[in-house]
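Some notes on the structure that comes next.
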Amino acid sequence: MPRLLSLLSGPEDVGRSRWFWAAFVAVCIVLFVSPLWQSEFEATNNAYYLLNVPTALGLALLWGYCGILSFGQVAYFGIAGYVYGIVAGNMVGDSAGPIVGSLCGLAVCAIVSAIFGYFVFYGRVQNWIVPILTLVLSLLLETFLGQTAGYQWRVGTVQLGGYNGMTGIPAFQIGSYVITGYSFFYFVLIIVLVIYLALRLLVNSRHGKVMLAIREDAIRTELLGYDIRARQLVVFVIAAILAGVSGLLYVQWGNYITPSQVGLLQASLPVIWVAVGGRESLLAVLLSTCALNWLNYTLSSEGYQYALIIIGALLVVVMLFFPSGIVVTLAREVPKHGWRALLGWGDGAGK
Amino acid sequence: MSEPILRTEALTKRFDGVVATDDVSISVPRGELRCIIGPNGAGKSTLFALLCGIQRPDAGRVLLKGEDVTRLLAFQRVRRGIGLTFQTNRAFHRLSVRQNLSAVLQISRADRPADADERYRFALDRFGLDAESEMPAKELPHHRLQWLEIAMVLAAGPDIVLLDEPTAGMSIDETLQTGAVLKHLNASGLTIVVVEHDVAFVRDVAQRITVVHQGRVFAEGTVDEITEHADVRRIYLGQA
Amino acid sequence: MDSFATVISVLYQFATNGAFLLLSALGLIVILGMMNIINLAHGELMMMGAYTASIAWHRGVPFWLCAILAFVVVGLFGALLERTIIRRFYGRELGALVVTWGISLILSQGALAVFGPFLPAIPIPGGSVAVGQYSFSVYWLTNIGLACLLIIGLWALYNHTTFGLQARAAMQNAAMARALGVDTGRIYTLTFSLGAGLAGFSGALFAPTVSIAPFMGQQFVAPAFITVVVGGATNVITGAVGSSLLLSLVKTPVGFLLGAFVGTVALLLAALVIIRLMPDGVSAVIQRRIDRRNRFA
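Below you can see the structure in the form of structure tokens.
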């Protein structure tokens, strides 16, 4: 147990002190009791911000901790969602349907990413090829799904639905208890917390240390005796499964999924969340994902058509001036130099 | 007669028509401290790359502890007991000293020789490296950075290490210290092959010297034999 | 007679697919070969070219002039982008990828906000030519010809001009080139501008075949990226030509038998296999052959 705790509090993420954990627990408590003053609609919205976190954490793991940039995480989001829809949709009435559907969804994510990853990592391709090919996979998936309109495009009793997507996706249920509304919020919250803590354990573990080494200098790591191809592949599959989890949660939230979920626009979002928060910190990514999703929703719902332009501009600004991410930069520079130095005032300002 | 720990047979490597390594057959007995010298561009780094598996030869074989490892990938060779430091320092510069060393120590090597940890700790101690230091590696002075990479390689528990110009950029004292540590490690049984330019260093540590020129083994012998060798002097002075 | 026409038809399909891939990817390859950066705003630059062409054409400008205008306008925009943003990312390939993606978001969403969901279409220029029972579109024959001309033009640019010489020097070893007096900053700006201009030109060329909308660049992005991945960064000309030809060899039969979409999927699968065998792309393999021959010449 003490070893577990020390792993959790290991140095590979922002926030280690007792103050941090106290604050963390406090925030968790607040979140858990929030339904007291949140309407079911608001709680469901909050759940929406949260359900995107696993995708972002997976990308942070892949990019920030292992140095592999993937632009196509949303492909696995979509695969899991559609596969769940197909399997659970065909098993309506069977209470095991959702669970089987979920497992199938994640399994397909794992298989596809493993095959894809094999070609890419065992081919030892140059760095820039991975983001390009993962994006291409996502785009092709979108194109394929987009042209599945028509009755002939169905699996069992479930239609794929073309550009309009798949609707009427069954909600997750445990036994006969259907998870929706407030219970859905708790469902997502718990899953996200478990994933975050588990990833924190991972990055502080032996495997995490080797991942960092691979990120820094893959050849040097290989010449210390590690099979870097296998390790990269494993991380890639983990990230895919995490994106799949988000996809599964998404189809619970809306009971539908469309091809645009794997399109170019959606594909850019995880990259933005991770880049803005700071890819080398799981916590930063968790915070920025929630914040940016909230921002996107707020801007869009006000009828503000410039929402995505603002987010695109935010990405450019962050890449130019906060390359380590906003949250990470704050977390690193403020304790060292104080707020004034960060804004350029005072002497001895940071780098 | 025990098998040499490292042996090559007619090792050849061409890059776009240039023969970087030409029919090289060398043999390093267990426990030797071998220096490889030669003019710049002679192909020493390529030879190292071929030995540890970063490059594949066009012809020839590499045998590690009697086993043909020519077809094996780099990490597979490392697991069989060979280590390498690079000509340009390749410790993890952005990571702290602690992170650098802990990255290596994750290898669970059941077949780690009993004295691996001993050698590693000895190097840490003699090189003055603090394994818990959070200082980013790139802030270390150059010689300490070189020593860090050597310590990292030792932590993996190799039976033979290839060091590519470890004392480049070091002062005389630092070079002497490096030599002393290497000699001590060698006395404990570690086979060491060093590419070096520093004549004093070579004289101090080498038990045997291999001279490489234009990708071929030009000469081989003890320190005295090589320094007396008229042709070796000639190739260094550019009359080859 | 019939089989002659069939052969011509197959060759035509092959050349059309190759020209499509080449024209889609050329701008990307020029930039990649020089700066090792993949410009993710490439699709949006093509869109800008198409928009320029649409606006100009509907004001009575002849189509060929629209395409040239698109080249100039998008090229200038590319120069602006390079000077303000791109140049801060040299040496940071992944960072460049991400920032160009942000730019692409701004451009596509911006186009939507400013111009609305559609721009008026351009009809396909030219008629068709009949050979046997097949008819071939003059428009695509021109595109094939243009693709060849562009390649020849680029080859001449890189091998017979001062700019080309300096560019090749900067590609091989930027620091050395600078030490020899080459203004690499200017070379990079011009190269990015050229790459953007080529994207705009291609966008204008393809405008008659698509609906001119803010996200139209998307459909070219997948084939363009695949072409670039297979081509590699070693040599612009050989990469572009080799990759387009190789991929067209895959796409033509598959597309003919199973439809255009499956053809594009086959491209991705082919790319995965090819990079497993040639991780640095077709251009690297060809370059090695050329170097080897030069050594023994």
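Here the protein sequences line up with chains A, B and C, keeping their order.
As numbered in the working numbering, the first sequence has no gaps in its residue numbers, which increase by one up to the final residue, 351.
As numbered in the working numbering, the second sequence has no gaps in its residue numbers, which increase by one up to the final residue, 591.
As numbered in the working numbering, the third sequence has no gaps in its residue numbers, which increase by one up to the final residue, 888.
Glycine is no exception: its CB is placed at the ideal position from the N, C-alpha and C atoms.
Nearest residue (CA-CA) to residue i, options the options
{"i": "A644 (chain C)", "options": "C:L838, C:R769, C:S802", "result": "C:S802"}
{"i": "A467 (chain B)", "options": "B:G572, B:D510, B:A454", "result": "B:D510"}
{"i": "A198 (chain A)", "options": "A:Y306, A:S70, A:L57, A:P323", "result": "A:L57"}
{"i": "R279 (chain A)", "options": "A:S34, A:L59, A:P35, A:L201", "result": "A:L59"}
{"i": "F32 (chain A)", "options": "A:M91, A:Y182, A:V108", "result": "A:Y182"}
{"i": "P377 (chain A)", "options": "A:W253, A:A239, A:L248, A:P259", "result": "Outside the shown range of chain A (1 to 351) lies residue 377 (chain A), about which nothing can therefore be said."}
{"i": "G563 (chain C)", "options": "C:L602, C:V853, C:I620", "result": "A query on residue 563 (chain C) cannot be resolved here, the shown segment of chain C reaching from 592 to 888 and no further."}
{"i": "T818 (chain C)", "options": "C:F797, C:F806, C:K842", "result": "C:K842"}
{"i": "S453 (chain B)", "options": "B:A502, B:V413, B:Q497, B:L398", "result": "B:A502"}
{"i": "G686 (chain C)", "options": "C:F811, C:T675, C:V664, C:I629", "result": "C:I629"}
{"i": "L613 (chain C)", "options": "C:S835, C:G846, C:G850", "result": "C:S835"}
{"i": "T180 (chain A)", "options": "A:N45, A:L320, A:E333, A:D13", "result": "A:N45"}
{"i": "T518 (chain B)", "options": "B:A506, B:P492, B:G540, B:S539", "result": "B:P492"}
{"i": "S615 (chain C)", "options": "C:L741, C:A768, C:L781", "result": "C:L741"}
{"i": "I309 (chain A)", "options": "C:I828, C:F754, C:L696", "result": "C:L696"}
{"i": "S574 (chain B)", "options": "B:A557, B:V455, B:V568, B:G566", "result": "Contrary to the premise, residue 574 (chain B) reads as Val rather than Ser in this sequence. Comparing Cα positions, the closest option is B:A557."}
{"i": "V722 (chain C)", "options": "C:L771, C:T597, C:A768, C:L703", "result": "C:T597"}
{"i": "Q809 (chain C)", "options": "C:A632, C:F595, C:T607, C:Y603", "result": "C:A632"}
{"i": "Q147 (chain A)", "options": "A:G162, A:L141, A:R154", "result": "A:G162"}
{"i": "A551 (chain B)", "options": "B:H535, B:L536, B:T397, B:T529", "result": "B:T529"}
{"i": "F816 (chain C)", "options": "C:A606, C:V601, C:F611", "result": "C:F611"}
{"i": "F187 (chain A)", "options": "A:P35, A:V203, A:F20", "result": "A:P35"}
{"i": "G682 (chain C)", "options": "C:M626, C:N826, C:G854", "result": "C:M626"}
{"i": "P593 (chain B)", "options": "B:V568, B:T542, B:F366", "result": "Residue 593 (chain B) lies beyond the stretch modelled for chain B, which goes from 352 to 591, so this question has no answer here."}
{"i": "A488 (chain B)", "options": "A:L299, A:L314, A:A213", "result": "A:A213"}
N-terminal and C-terminal residue of the alpha helix (DSSP H) that residue i is part of
{"i": "H444 (chain B)", "result": "Element bounds for H444 (chain B): n/a, residue is neither H nor E."}
{"i": "T752 (chain C)", "result": "Element bounds for T752 (chain C): n/a, residue is neither H nor E."}
{"i": "T526 (chain B)", "result": "523 to 538"}
{"i": "I311 (chain A)", "result": "307 to 321"}
{"i": "I803 (chain C)", "result": "Unbroken run through I803 (chain C): none, as it is neither H nor E."}
{"i": "S268 (chain A)", "result": "264 to 277"}
{"i": "A425 (chain B)", "result": "425 to 430"}
Spatial neighbours of residue i in its chain, beta-carbon cut-off 7 Å, leaving aside the 5 residues before and after
{"i": "V729 (chain C)", "result": "G717, G718, S719, V720"}
{"i": "A410 (chain B)", "result": "A361, T363"}
{"i": "H564 (chain B)", "result": "G389, P390, A393, I586, A591"}
{"i": "L401 (chain B)", "result": "L362, K364, T372, P408, V413"}
Other residues of its chain near residue i: CB distance less than 8 Å, five sequence neighbours each side excluded
{"i": "G168 (chain A)", "result": "G89, N255, Y256"}
{"i": "Y122 (chain A)", "result": "R229, L233"}
{"i": "D347 (chain A)", "result": "The predicted position of D347 (chain A) is uncertain, since its pLDDT is 41 and thus under 50; no value can be drawn from it."}
{"i": "H580 (chain B)", "result": "V562, A570, G572"}
{"i": "H535 (chain B)", "result": "F473, R477"}
{"i": "P708 (chain C)", "result": "A804, P805"}
Run of the beta strand (DSSP E) containing residue i, from where it starts to where it stops
{"i": "I68 (chain A)", "result": "Counting along the chain, I68 (chain A) falls outside any beta strand (DSSP E), and DSSP gives it neither H nor E."}
{"i": "T855 (chain C)", "result": "Run containing T855 (chain C): none in the beta strand (DSSP E); it sits in the alpha helix (DSSP H), 851 to 868."}
{"i": "D373 (chain B)", "result": "369 to 375"}
{"i": "V360 (chain B)", "result": "Reading the sequence as shown, one finds Glu at residue 360 (chain B) and not Val. 357 to 366 is the span of the beta strand (DSSP E), which, as asked, contains E360 (chain B)."}
{"i": "S728 (chain C)", "result": "725 to 728"}
{"i": "T436 (chain B)", "result": "433 to 436"}
{"i": "E571 (chain B)", "result": "567 to 572"}
{"i": "V420 (chain B)", "result": "Where V420 (chain B) is concerned, there is no enclosing beta strand (DSSP E), given that its DSSP letter is neither H nor E."}
{"i": "V546 (chain B)", "result": "542 to 546"}
Sequence-distant residues of the same chain with beta carbon closer than 6 Å to residue i, five excluded per side
{"i": "N293 (chain A)", "result": "Y49, N52"}
{"i": "I735 (chain C)", "result": "A606, A610"}
Quiz item: Can you list the beta strand (DSSP E) stretches of 3 or more residues lying completely in the segment 186 to 231 of chain A, in chain order?
Solution: none
Quiz item: Curious, which full-length alpha helix (DSSP H) runs of at least 4 residues does the segment 484 to 512 of chain B contain?
Solution: 493 to 506
Quiz prompt | Uninterrupted beta strand (DSSP E) stretches inside the segment 80 to 113 of chain A (no shorter than 3 residues) | solution = none
Quiz item: How about the segment 131 to 147 of chain A and the segment 870 to 882 of chain C: do they share at least three Cβ pairs that are nearer than 8 Å?
Solution: no
Exercise. Taking only runs that begin and end inside the segment 377 to 410 of chain B, name each unbroken beta strand (DSSP E) of 3 or more residues, in chain order.
Key: 384 to 388
Practice problem: Kindly confirm or deny that the segment 434 to 441 of chain B and the segment 494 to 508 of chain B touch, where touching means at least three C-beta pairs closer than 8 Å. | Solution: yes
Quiz item: With a cut-off of 8 Å, do at least 3 Cβ pairs link the segment 68 to 78 of chain A to the segment 263 to 277 of chain A?
Solution: yes
Quiz item: Does the segment 105 to 124 of chain A come close enough to the segment 858 to 866 of chain C to have 3 or more Cβ pairs within less than 8 Å?
Solution: yes
Self-check item: Contiguous alpha helix (DSSP H) assignments of at least 4 residues, all confined to the segment 129 to 165 of chain A
Solution: 129 to 146
Practice problem: Please confirm if the segment 478 to 493 of chain B is in contact with the segment 546 to 555 of chain B, defined as three or more CB-CB distances below 8 Å between the two stretches. | Solution: no
Quiz item: Should the segment 838 to 855 of chain C be called in touch with the segment 783 to 803 of chain C, which here means at least 3 C-beta pairs below 8 Å?
Solution: no
Quiz prompt | Any 3 or more C-beta pairs closer than 8 Å across the segment 284 to 301 of chain A and the segment 318 to 336 of chain A | solution = yes
Quiz item: How about the segment 88 to 108 of chain A and the segment 771 to 789 of chain C: do they share at least three Cβ pairs that are nearer than 8 Å?
Solution: no
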